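The block underneath contains the structure these notes are about, expressed in C-alpha cells.
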Amino acid sequence: MIPEIGQFALALALAVSLVQSVFPLIGAARNNVMWMRSASATSVLLTALVAIAFAALMWSFVVSDFTVLNVASNSHSLKPMLFKVAATWGSHEGSLLLWILILVIFGLGVSLLARNIPLKLKARTLAVQAWISAGFLSFMLFTSNPFDRVFPAPLDGQDLNPLLQDVGLAMHPPFLYLGYVGFSIVFSFAVAALIEGRVDPAWARWVRPWTLAAWVFLTLGIVLGSWWAYYELGWGGWWFWDPVENVSFMPWLAGTALFHSAIVTEKRGSFKSWTILLAVLTFSLSLLGTFIVRSGLLTSVHAFSVDPERGIYILALLAVAIGGSLTLFAIRAPEMEGGGLFAPISREAGLLINNLLLATATATVLFGTLYPLLLEAVTGEKISVGPPYYNASFVPIMLVLVVVMGIGPLLSWKRADLRGVLSRLKWVAGVSLLVALLVWYLDTGGPALAVVSIGLAVWLLGAVLTEWASRIKLGEAPLAESLRRARSLPRSHYGMVVAHAGLAVCMIGFIGSSAWKSEVVTFAEPGTQIEIAGFDVRFDGVEQLRGPNYLSRAATLTVFRDGAYVTTLQPERRAYLVAGTSTTESAIRTTLAGDLYASISEPAAESEQSKWTLRILYEPLVVWIWIGSGLLAFGGVLSLSDRRLRVGAPRKRTGQSSVAVAAE
Amino acid sequence: MIWIIFSFMAVAVFLTLALSGLGRKTSDLSRRESASAIFSDQIGEVEKDLERGIISAEEAKAARAEIERRLKAIDRQSDDKAIMGHSGRALILLAALVVPALGAGLYWQLGSPYIPSQPFAQREGEQAEAREIADLAVRLKSRLEADETGGPTEGWVLLAQTYMRMGRFGDAADAFEGLLDRPNANSALVSQYGEALVYADDGVVTPKADRAFERALELDPSNPAATFYKAIGLEQAGSPDKAYDLLKTRMDAEEEFRPWMESFVAQLNRIAPSIGRAPVNLAAFAPSMPGPTADQVAAAEEMSDEDRQAFIRSMVERLASRMQENPGDLDGWMRLGNAYSVLGETDGARNAYGRARDLADDLPQGDPRKVAIDRALLELGG
Amino acid sequence: MKRLFALFPITIAGILGAFLLWGLNPDRDPNEIPSVLISQPVPEFDLPPVEGLDTHGLSSTDLVENDGSAPIVVNVFASWCVPCRAEHAVLTRMVRDEGIRLMGINYKDKPQDARKWLDDLGNPYERIGSDLDGRAGIEWGISGVPETFVIDGAGKVVFRFVGPVLGDEAISKMRTALDQARAAGGEAS
Amino acid sequence: MIRRIVITAVTLAMLVSQPAFAVEPDEILADPVLEERARAISKQVRCVVCQNQDIDSSNAGVARDLRLLVRERLVAGDTDQQVMDFLVARYGDYVLFNPPWKPSTYILWVAPIVILGLGGIATAAVLTQNARRYRKSRKQETERGASEERNPENHSLTEPHA
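Chains as they are written, first to last, in my numbering: chain A, 4 to 667; chain B, 16 to 397; chain C, 1215 to 1403; chain D, 283 to 444.
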C-alpha cells in the first residue's frame, strides 16, 4: 500500500506542477495577484507530495519490500541499514526522485524566503521552476517509474553494486544534486527576468546566494566522488577526466564564472546579459550532465542505465529548456545593456578576464567530452580524448587564471592602479619564483608543469595573504587598528580569501600526488618486506572476515620507519555474495606530507593461497586536495553567512506607502 | 483503506489549491519598492565600508553618488500598473478540481492498487517455506543417494522438480540425467530433462537439449513440450519458418482445444511477422472455448480502431468479471492476462498472470503453460 | 551586431543538440570500436589445434591460400562465453544449410573445456586454432568474445561482427557480408 | 524467482575473460627503466572492453594481454612510438587517450586556442568600448563639474523598455 501512496502522490504532483507552470505566469502578465500568489500554495503542495513519494520509496527500501521492482533490483534483505536507506537514490529511478525532491524544495525555498523580491518576478520564477518539475516528473513517471511493482515478489533482492555500498558514495549524489538542482533556481530567475525583459537589482542580489549555495554543494559533491574514487577503486587516482566526471565539473566551472559575474551585476549594474547567459548555461550544463549520465550516449566508467528511449525523452526536455531559454535570450539580450562604466584596468575588467578564462575552460572541457561523438557522427571514426588532452588544454588556461586571481582582488572598482598593485606583489612573485627554482633543483628532470604549478600555487597563496594584509593595513597601521579592521572586514570578503587560498592548497595537492607518486606492486607472502618512500612495510598475512553481506580477506601490514613502528594497515578484498562481485577496500595512513596507501587483490593463484598481489602507493600531499576543497566550500559558506547575501534583499522600508494592492 | 488515504490526499490537494491565492497580502512588493529598498541598503553598506576603512572617502562618495543616481532613476520610472483583485477565482477553483482528477487518471494508468506491500520481515512464511524446500531437497537427495538400488524414479523426479522450483536448473538437469537409461524413462521425463538443460543455459536450446527433445518425441510423438522446445531451437538456429511449420502442424493435428495451445499460439504469433506468415487465432482451434468467435473477430476487423478497442475492452471486462466468480480457472487467467497485454494494460496483465502463476504451481513440470506464464511475466517486467 | 551575438548561444546549442540526437540513434553502439582490419589482409597468426581434438589448427595461410572464391567465416569463441552457446546453433545451421566455410579461434580456453563444449554442442568448424594466450585475438583486434569475421577469397577481411550472431538482423548482416565477399572473390579469381 | 527464460533474442553481454587485477607483479619487468616506460605507455592506452579506463589500471583480461604485449615489444627493442603504432594498427586510434595530431583531430586541438582567441577579441572589444565611454564621461564630468544629475552614467539604470 505504501508504494502505491507514493505513486499516487507523484501523479498528483505532476498535475499540481502543471497548474503551477501556468497560473502564476499568466497572472504576472495580466496583473492578477491571486494567480501570482497561487504559486506559494502550489509549491508547498508540490514539495509535500514529492516528499511523501520519496518517503514511501525510502520506506520500501528500509523494510525491503520486494514487491517494488526498484527495491528488488537494488537492495537485499541483508544489506546494512545505512545502505538500504542510501539505495533509495542508488538507482536511476530513485536518484531521479531525489533530483525532483531537491528541485521542488528549492522552489519552496524561493516561495518562502523570497518575501522581498517583486511579486511578479517571484511568480514567474516559480512558474519556470514548475516547468522543470513537470518535465522531470513526467519523465520519471513515464519512462523510469520508481514505484513499478512486481507480483509475486521475489523472495530477496539482487543487491546494489557493492562498489556503491560506501558512505562516501552514498552521500555523493545528494550533494551533487543539491548543486545541479540549486542552479535550477538561478536558471528560473534568469528566465523570469528574460520574460520580463529587464534585470532587477533584486535579481542580481538573489542570484548570488543561490548560486553560491549551489556551488558549495556541487563542490562538496564533486569532492566526495573524487575522494571515493581515491580510496575505493584501489589504485589511488582521484580524477580521470571521465565524461561523467566532466559533466559534473562543467556546471561547477560555469557556476564559478556566474557568481563572479553576478558580483559585477549587483555592485555596478554591468554584465547583465552575460550574467543572465551564464545563469542559463550553468543549469543547461547540469541538464546536459543528467542527460549524458542517463542516456548511455558516451562510454564511461560510471554511467547509469543505457536506454536510448529515456535519452530521447531527456533530450526533448533539454531542447525545450535550453532551446527555449536561449531563444528568449536571443530576443531579449540585445535590449538589455547599460551599466556602470569602468576603465580597462579595474576590478570589473579583472572579473571579465576571469570570466573569459573560466568560460574558455568550460568550453574546452565540453568540447573534449563531446568531440568523440561529433567526430563519430561526421566521419564514423572513433577516438578517445583522455587526460593528456586536458592536461595540454585545460590546465594551462587554469594556470593563467591563477595568475589573474592573484592580482584581481587587489584592483579597485572602476579604475585601478595596476602598477601599485604589482609593486605590492613583487615580493610574492619573488618568493614563488624561489620556491619554483627550489623544487626544480630538488626534482631535476621531473615534470616541468609541476614546477610551474607549485610556483603559481605559492603565488596565489601569497597574493591572497597580501590582499588581506593590505585590507587590514597590517604593518602600516598599529596592530590594534589592524585587528579592528580584521574583525570588521565583511564575511563575504573572508569567504573570498578562504576560497582562493583553498584553491592554492588544492593545487599543491594535485601536483604532489600526480608528479611525485611512487608505487610498488608485488607478490607478497607472510613476512615479505617492502620498502617505499622511506617506509618499511611488512606483510603479516591475510585473515578471513565476515561482514553482513560480504566475505572479506583482510591483510595485515605493519609499517615501520627507520626501524620504529609507525602504524598497521588493513586493506581488504571483499566478495559480495548476492551481487557476485568483489570490491577493494584500501587502507590509508594519512599525513600532511602524504598518504601511504595499500590495497590487495585475490591470491596470485588458486594453488598459492599464501601469495597475494599487494599494491602499495605513496601519494605525497594528497590530503591537501581534500583540505583545499574543504576550504573552497567553507569560503562559500562564509560568504553565504554574510548579512548582505543572507538577507537577499532588504525588507521594504517601514513607513513607505504601500503600492496599491487590492484589499483583503 | 488505500482508497480512503487516496481520497484524503485528493481532498487535501483540492482544498489547498482552492484556497491558494487568498490570505495575507502584507509582503507583496512591487518592482519599485524592491529596487529602492536594495539601493538604500547598498548606500548603508557603503557607509559601513567607509567606517571600516575598506574604501577611501573619495571612493565612498563616488559609489554613493552612483547608487543615488540609480535610486532616482528608479523613482522616475513608471511602476507596475495597479494590481487587480479576485478575478479569475473561478479558474483556480476549476484547476483545483482538475488536479485530483488528473492525478487519479494518471494513477489509473500507472498504479497497481491491489498489490499489497510485503515487507521482508512479514514474509517469514515464504522464507520458512523456501528454507524447508531447500532442506527437503538436501534430505531427499541424501536418501536417494543412499539407496543401493539407485533410488526410485519418482523420488529423483521429485528432487529434480524441486530443484527447478528453486531455480537450480543445473542440479535439476543432473538429477534427471541419471534416470535417462532407466527403462521407465518416459517421454515426459526426457522432455523435462531437456527443459532443465534449456533453463540452465539461459534459454538456449543446445544440441544436447535438442537431442533430449528428439528422444522425447520418439517415445511419444505427441509430447507438446518437446515439440515446443524443438521449435524454439529451430528458431534460435535461424530457421523460424521451420519452427512455425512444426508448431502449426502439431496444433492442426489436434482435434480439440488443449491448454498448451495458448503458448503455441503466442509463440507462432511472435514468429509470424518476421517471416511474413499469417498470425494464428486461438479461437480457430477451440471453437468451444469462451472468447471471440471467428465471426466476432471478423466483425472486429471491419471496425474502426476505436470501435475495435471498445469491443475488445468489453470482451475483456466480461472475462474479468467471470474470473472474479471463478478464480480457480488457470486458462481463464492466462487469457485475461493476454488480453490485457494486447490492450497495453501491463498491470492488469501482470496481476492476471500472477494469479495464473500461483495456480500453475500445481501443474506438472513439462506443462508449456508454465513457460508461457513465466515468459509473459518476464516480458511484463515481472 | 549585438543581435548576432545574442543568437550565438542558441546556434551552438542547436548544433550540439543535433549531434546528441544523432548519438541516440538505436543502431549506434557507443562501445563498439570499428575494426581497422576491414579491407585489409588477414593478420599474421599461426595457431595449433585444440589439444586432443582431431580438427586441424588454424593459421593465416589457411585463410589466404583459399583456392576457391568461397568466403570463409572466422568465429572467435570460448566455452566460458555464454553468448557463444547461443550463436552456435545459428553458425551450425549456416554451415549445414548454406554451405559456408567456418573456421574457429578458440580464445583463452582450456583444451578439456573446449572439447567438452564441442562435444555437447557439436563441432561445425572446419579448422580450430587454439589461442591460449589470447595473442591471436589481439592480432585480430578483438575486444570480446564472440566475434565473427568474414574473409573473402583473396584473404581480405570484409566484415566483422561483434557479439553473438543471433536474430534476424545479425543473420542478414552476415548474409550480406558473405554475398559481398563472394562478389569480391569472383572478381579476384 | 522466475529465472529469465529467454526464447528469442538472447540479450547477453559479452564476457571479458578471466578477471585479473590492474598491473600484476608477474608482469613487471626486471629493468626499471623499461618498466617505467611500459607503465607510461600503459597509462596512455585505453582498454578496449572496459569503457573509459587505461590498460594500466584495468582488470580486464584483454588489458592484461596488452600490458604484457607492450612489455614484450619494449624488451624486443621497440621505441615507445613503435609500440603505440603496433597497438594502433590493431585497434585504431580509439586506444590512444592522447588523440594524435591529424586532420580529423585538428579541430579538437585548436579549439581551445580558437575559443580563447574569439573570447579574447570579444572581451577586448567590450573593454575598449567601455573605456572610450568611460573616458568620455570623465571628460564631461570634469567639464561640467560634478553635476550628478546629468552624468551619462545614468544610462546604467535606464534600461530600455523599463
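All C-beta atoms, glycine included, are put in the ideal place defined by N, C-alpha and C.
Fair warning: this is a prediction, and the values are worked out from it, not measured in the lab.
Q) Hey, is VAL467 of chain A close to the ligand GDP, as in C-beta under 6 Å from one of its heavy atoms? A) Although the ligand GDP was asked about, the structure shown includes no ligands whatsoever.
Q.
If contact is defined by three or more beta carbon pairs under 8 Å, each pair taking one atom from either stretch, is the region 184-196 of chain A in contact with the region 243-251 of chain A?
A. no
**Q.** ALA346 of chain A - DSSP class collapsed to helix/strand/coil
**A.** One-based indexing of the first sequence puts residue 346 of chain A at position 343. The answer is coil: DSSP assigns ALA346 of chain A none of H, G, I, E or B.
Q) Quick one: what does DSSP say TRP615 of chain A is sitting in, helix, strand or coil? A) Here residue 615 of chain A refers to the residue found at position 612 of the first sequence. Reduced to three states, the DSSP call for TRP615 of chain A is strand.
**Q.** Residue nearest to MET179 of chain B in terms of C-alpha spacing, selected from B:ALA149, B:GLY343, B:LYS76 and B:ASP373
**A.** In the second sequence, the residue the question calls residue 179 of chain B occupies position 164. Answer by Cα proximity: B:ALA149.
Q. Tell me which same chain residues have a C-beta within less than 7 Å of the C-beta of LEU369 of chain A, skipping the five on either side of it?
A. Taking the first sequence and counting its residues from 1, one reaches residue 369 of chain A at position 366. Around LEU369 of chain A: MET253.
Q) Within this structure, are the beta carbons of TYR355 of chain B and ALA391 of chain B separated by less than 7 Å? A) Counting from 1 along the second sequence, the entry for residue 355 of chain B is found at position 340. Counting from 1 along the second sequence, the entry for residue 391 of chain B is found at position 376. Going by C-beta atoms, TYR355 of chain B is not nearer than 7 Å to ALA391 of chain B.
Q: Output, in chain order, the set of chain B residues within a Cβ distance shorter than 9 Å of VAL1287 of chain C.
A: Mapped onto the third sequence, residue 1287 of chain C falls at position 73. The premise fails here: VAL1287 of chain C is roughly 14 Å from chain B at the closest Cβ pair, so nothing lies under 9 Å.
Q.
Would ALA252 of chain B and ALA1303 of chain C be called neighbours here (beta carbons separated by less than 7 Å)?
A. For the purposes of this step, residue 252 of chain B is taken as the residue at position 237 of the second sequence. For the purposes of this step, residue 1303 of chain C is taken as the residue at position 89 of the third sequence. Taking 7 Å as the Cβ cut-off, ALA252 of chain B and ALA1303 of chain C qualify as a contacting pair.
Q | Proximity winner among C:ASP1382, C:VAL1371, C:ALA1384 and C:SER1386, relative to ALA1395 of chain C (alpha-carbon distances) | A | Locating residue 1395 of chain C in the third sequence gives position 181, where the first residue counts as 1. Among C:ASP1382, C:VAL1371, C:ALA1384 and C:SER1386, the Cα nearest to that of ALA1395 of chain C belongs to C:VAL1371.
Q.
Once the 5 residues before and after LEU129 of chain A are set aside, which same chain residues still bring their CB inside 7 Å of it?
A. Counting from one through the first sequence, the residue named residue 129 of chain A turns up at place 126. For LEU129 of chain A, where only same-chain residues beyond five positions count, the Cβ hits under 7 Å are GLN23, PRO27, ALA42, SER46, GLY110, VAL113 and SER114.
Q) Is the CB-CB distance between LEU17 of chain A and PHE57 of chain A below 7 Å? A) The residue given as residue 17 of chain A occupies position 14 in the first sequence. The residue given as residue 57 of chain A occupies position 54 in the first sequence. Contact flag unset, no.
Q | Counted within 10 angstroms of its Cβ, other Cβ atoms place VAL579 of chain A as buried (16 or more) or exposed | A | Numbered from its first residue, the first sequence carries residue 579 of chain A at position 576. According to the sequence as given, residue 579 of chain A is Tyr; it is not Val. TYR579 of chain A comes out buried.
Q: Look up GLY1228 of chain C in the DSSP assignment and say whether it is helix, strand or coil.
A: Numbered from its first residue, the third sequence carries residue 1228 of chain C at position 14. If DSSP states are grouped into helix, strand and coil, GLY1228 of chain C belongs with the helices.
Q. Quick one: what does DSSP say GLN422 of chain D is sitting in, helix, strand or coil?
A. The sequence position of residue 422 of chain D within the fourth sequence is 140, counting from 1. Helix.
Q: Between the Cα of THR365 of chain A and those of A:MET339, A:SER251, A:ILE317 and A:SER229, spot the shortest distance and give me the residue it belongs to.
A: Counting from 1 along the first sequence, the entry for residue 365 of chain A is found at position 362. When only C-alpha atoms are compared, the closest one is A:SER251.
Q) Under a Cβ-count criterion, where at least 16 other Cβ atoms within 10 Å of its own Cβ denotes burial, should ARG422 of chain A be classed as buried or exposed? A) Reading the first sequence from its first residue, position 419 is the one you call residue 422 of chain A. Exposed.
(Q) Under 8 Å, CB to CB, which of the residues in the region 1317-1342 of chain C have a partner in chain B? (A) ASP1334, LEU1335 and GLY1336
Q: State the Cα-Cα distance for the pair SER602 of chain A and ILE619 of chain A, rounded to the nearest angstrom.
A: In the first sequence, residue 602 of chain A corresponds to position 599, counting from 1. In the first sequence, residue 619 of chain A corresponds to position 616, counting from 1. Between SER602 of chain A and ILE619 of chain A, the C-alpha separation is close to 7 Å.
Q. Which stretch, first to last residue, makes up the beta strand (DSSP E) that contains ILE69 of chain B?
A. Locating residue 69 of chain B in the second sequence gives position 54, where the first residue counts as 1. Run containing ILE69 of chain B: none; DSSP gives neither H nor E here.
Q) If you compare alpha carbons, which of B:ILE69, B:GLU169, B:ARG285 and B:SER35 is closest to ALA489 of chain A? A) Position 486 of the first sequence holds residue 489 of chain A. Here the closest residue by C-alpha is B:ILE69.
Q | GLY638 of chain A vs VAL501 of chain A beta-carbon contact at 7 Å | A | Numbered from 1 along the first sequence, position 635 holds the residue referred to as residue 638 of chain A. Numbered from 1 along the first sequence, position 498 holds the residue referred to as residue 501 of chain A. Yes, Cβ-Cβ distance for GLY638 of chain A and VAL501 of chain A is below 7 Å.
**Q.** Distance CB(GLY343 of chain A)-CB(ARG271 of chain A) smaller than 7 Å
**A.** Against the first sequence, residue 343 of chain A aligns to sequence position 340. Against the first sequence, residue 271 of chain A aligns to sequence position 268. The answer is yes: Cβ separation under 7 Å.
Q) Counting Cβ pairs, one atom from each stretch, are 3 or more of them under 8 Å apart for the region 1347-1354 of chain C and the region 220-237 of chain B? A) no
**Q.** Nonlocal neighbours in the same chain, by C-beta distance under 6 Å from THR387 of chain D, ignoring five residues either side
**A.** Walking along the fourth sequence from the start, residue 387 of chain D turns up at place 105. Once the five neighbours on either side are set aside, the close Cβ partners of THR387 of chain D are PRO381.
Q: Compute the beta-carbon to beta-carbon distance between ALA240 of chain B and ALA215 of chain B, rounded to the nearest angstrom, for a pair I have assumed lies under 8 Å.
A: Start at 1 with the first residue of the second sequence, and residue 240 of chain B comes out as number 225. Start at 1 with the first residue of the second sequence, and residue 215 of chain B comes out as number 200. Between ALA215 of chain B and ALA240 of chain B the Cβ distance is about 16 Å, and since that is not below 8 Å, they are no contact.
Q. Can you list, in chain order, the residues of its chain whose CB lies under 6 Å from that of THR531 of chain A, leaving out five sequence neighbours each side?
A. Counted from its first residue, the first sequence places residue 531 of chain A at position 528. Result list for THR531 of chain A: PHE542, in chain order.
Q: Report the partner residues of PHE1291 of chain C according to the DSSP bridge assignment.
A: Taking the first residue of the third sequence as position 1, residue 1291 of chain C is located at position 77. In DSSP, PHE1291 of chain C forms a bridge with C:ASN1320.
Q) The beta strand (DSSP E) spanning SER521 of chain A covers which residue range? A) Here residue 521 of chain A corresponds to residue number 518 of the first sequence, with the count starting at 1. SER521 of chain A -> beta strand (DSSP E) spans 521-527.
Q. Alpha carbon to alpha carbon, how far is TYR259 of chain B from ASP1243 of chain C?
A. The residue you call residue 259 of chain B lines up with position 244 of the second sequence. The residue you call residue 1243 of chain C lines up with position 29 of the third sequence. Going from the Cα of TYR259 of chain B to the Cα of ASP1243 of chain C covers about 32 Å.
Q.
Along the region 156-182 of chain A, where does the CB come closer than 7 Å to a CB of chain D? Name the residues.
A. PRO157 and LEU158
(Q) Is it buried or exposed, TYR568 of chain A, if we count other Cβ atoms within 10 angstroms and call 16 or more buried? (A) Stepping through the first sequence from its first residue, residue 568 of chain A is reached at position 565. So TYR568 of chain A ends up on the exposed side.
(Q) Check for me: the beta strand (DSSP E) holding SER517 of chain A runs from which residue to which? (A) Translated into positions along the first sequence, residue 517 of chain A becomes position 514. Unbroken run through SER517 of chain A is the alpha helix (DSSP H), 494-518; no beta strand (DSSP E).
Q) When Cβ atoms are compared, which residues of the region 206-232 of chain A fall closer than 8 Å to chain D? A) none
**Q.** Every unbroken alpha helix (DSSP H) within the region 1336-1368 of chain C, with a cutoff of 4 residues, ordered by chain
**A.** 1349-1353
Q: Below 7 Å CB to CB, which residues in the same chain sit around VAL461 of chain A once its five sequence neighbours on both sides are set aside?
A: Counting from 1 along the first sequence, the entry for residue 461 of chain A is found at position 458. Closer than 7 Å at Cβ, skipping near neighbours: VAL434, SER435 and VAL438.
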